[in-house]
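Student: Handing you a structure now.
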Amino acid sequence: MSKSILVHPVSLPNMPWQERPSGGRPEVMWRYSANPVINRDQTARSNSIFNSAVVPFKGGFAGVFRCDDTARNMNIHAGRSSDGLTWKIEDDPISFSKDDPAIPDSDYKYDPRVVWVEDRYWIIWCDGYHGANLGMGYTFDFETFHRIENPLMPYNRNGVLFPRRIGKNFALLSRPSDSGHTPFGDIFYSESPDMTYWGKHRHVMKPLGGWQSTKVGAGPAPIETTEGWLLFYHGVLTSCNGFVYSFSAALLDRDEPWKVIARAEPYLISPQKDYECVGDVPNVTFPCAALVDGDTDRVAIYYGCADTCTGLVFGKIGEIVDFVKAHNVLK
Ligand code: BMA
């Protein structure tokens, strides 16, 4: 096997995996054959479970899940799994404690990301506070959860932390937006010494053509490779029938991640299966989390399907990086 290009390869032998199917047109990323892996009704009151975040935890897996309830309130719930496939998701939303009681409450929470940075699992979500914002908190154990100040001003969505500091500072990708369904959107980068005060804002990526012509937003936490940060991101196309959400990948400079080294012109995954095309919001594939095994180069991505359920796709880090370089639209 060739040497891994992962900068911090961590073994994850029990991550979900299926080999690439034989026959048909070869795909860089392929779907789990038993998708969806999480169904819409997996908690007592959920209308839908999608756009959710999963991490390795204590020999198994833990996660924070977007569960819209049957009153269509949007909130985030904790969950656990031994194999990453069969999940026990809490019936009640996460209750965050606040060190400072003046930190505002949320009108809603959705689209969480979870990233281990230094000593804890950080959770970022889209938070309702006078419109769409980023919310932020942390946990050590997926049992008690703490909330800190919202990092940025409204309106913003798709907040994703880098798994390590860049220079001295924590680093965040986000997508400034409006408070509606936002017919625009670029990815920006910000830094903070303390997770509270954010600045040094830099532009990273704008929409391009085709599947990513309306807006783009960061997906799972960037994965550090010798070729740059591998960033999976979603892109949106406006069709005669509304928004279509696909995803692909880019490489960002390791020291100055607002500089894009390469960006794939084609998508990796677009809504094509029934469960991606039919649901509460048709034609959505929305990645929020990636598991990586440093021994085998395997990656598994959890993605929301049609705002209804959650699917898994698989690939190999080296092959995806090669795909991004070979189809670099910035050349
Ligand atoms: C965005 C968010 C996502 C959703 C997407 C497609 O604005 O609401 O949660 O998946 O739209 O409906």
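Position 54 of the sequence shown, counted from 1, bears residue number 70 in my numbering, the numbering being contiguous throughout. Glycine included, each C-beta is placed from N, C-alpha and C at the ideal position. None of these values were measured; they are calculated from a predicted model.
Would you mind sorting residue 26 into buried or exposed? The rule is 16 or more other CB atoms within 10 Å of its CB.
Tutor: Label assigned to residue 26: exposed.
Student: Please determine if the segment 195-210 and the segment 297-309 are in contact, where contact requires at least 3 C-beta pairs separated by less than 8 Å.
Tutor: No contact exists between the segment 195-210 and the segment 297-309.
Student: With H, G and I counted as helix, E and B as strand and the rest as coil, what does DSSP make of residue 84?
Tutor: Strand, per DSSP.
Student: Starting from residue 291, trace the alpha helix (DSSP H) both ways and give me its first and last residue.
Tutor: Per DSSP, residue 291 belongs to the alpha helix (DSSP H) from 290-293.
Student: Between the segment 182-198 and the segment 156-174, do three or more beta carbon pairs fall short of 8 Å?
Tutor: They touch, by the three-pair rule.
Student: Report the option in 236, 155 and 120 whose CA atom is closest to the CA atom of residue 175.
Tutor: Ranking the options by Cα distance to residue 175, first place goes to 236.
Student: Just checking residue 320 against ligand 1 - is the residue's beta carbon closer than 7 Å to any of the ligand's heavy atoms?
Tutor: Answer for residue 320: yes, Cβ within range of ligand 1.
Student: With 16 other CB atoms within 10 Å as the buried threshold, where does residue 65 fall?
Tutor: By the 10 Å Cβ count, residue 65 comes out buried.
Student: Indicate, with yes or no, if ligand 2 has a heavy atom lying under 7 Å from the CB of residue 263.
Tutor: In terms of ligand content, the structure shown lacks ligand 2 and carries ligand 1 instead.
Student: Between which two residues does the alpha helix (DSSP H) holding residue 335 run?
Tutor: Where residue 335 is concerned, the enclosing alpha helix (DSSP H) stretches over 333-342.
Student: Hey, is residue 323 close to ligand 1, as in C-beta under 7 Å from one of its heavy atoms?
Tutor: Within the cutoff, so yes.
Student: Below 8 Å on the Cβ atoms is my guess for residue 247 versus residue 266; work out the distance and round it to an integer in Å.
Tutor: So it is a contact: roughly 5 Å between Cβ atoms.
Student: Looking at residue 197 and ligand 1, is the gap between the Cβ and the nearest heavy atom below 7 Å?
Tutor: True, at least one ligand heavy atom lies under 7 Å from that Cβ.
Student: Go to residue 356, then tell me how far its beta strand (DSSP E) extends in each direction, as first and last residue.
Tutor: Here the chain covers residues 17 to 347 and nothing more, so residue 356 does not appear.
Student: Tell me which residues share the same chain as residue 98 and place their Cβ nearer than 7 Å to its Cβ, disregarding the 5 neighbours each side in the sequence.
Tutor: Excluding positions up to five away in sequence, the list reads 76.
Student: Residue 137 to residue 79, Cα distance in whole Å?
Tutor: Distance between the alpha carbons of residue 137 and residue 79 is about 10 Å.
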